[in-house]
Amino acid sequence: VCLTCCSRESMVRINQICHKNGIKFFTGDVFGYHGYMFADLGEHEFVEEKPKVAKVSTGVEDGPEAKRARLEPAETTMVKKRLQFCQLREALAMEWRGEKATAA
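Numbering (the numbering used here), first residue to last: 267 to 370.
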């Protein structure tokens, strides 16, 4: 569900219905040069591409440098992640000033 130009009460009510039923929810609006966007994707699972990390050997390696095993910079691995999105009413109730807001 995607909402624009709605009242705060309508957005909160529709988001609660969507969250309860596992429906992804987006809302936003623009006022001249300023705007906002909010997304409640519920429990969202995604895959992130990360560069592989080379293991550092503590032992002595034999052979020329060119023959040592190493990873190419382009080698990556896929990491599965899961996030839990909050509802709009929870985000609106949050105090967005101070240390807690910086951590969020």
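For each residue, glycine too, the CB sits at the ideal point set by N, CA and C.
- Non-local beta-carbon contacts of A357 in its own chain, meaning distances under 7 Å to residues more than five positions away in sequence, involve F304 in chain order.
- The Cβ atoms of F292 and H285 lie no closer than 8 Å to each other.
- The DSSP-derived three-state label of C284 is helix.
- Here the segment 341-356 lies against the segment 271-287, with 3 or more beta-carbon pairs under 8 Å apart.
- Minimum Cα-Cα distance from V267 among the listed residues I289, R279, V278 corresponds to I289.
- Put simply, of V313, G364, A359 the residue whose alpha carbon is nearest the alpha carbon of V345 is V313.
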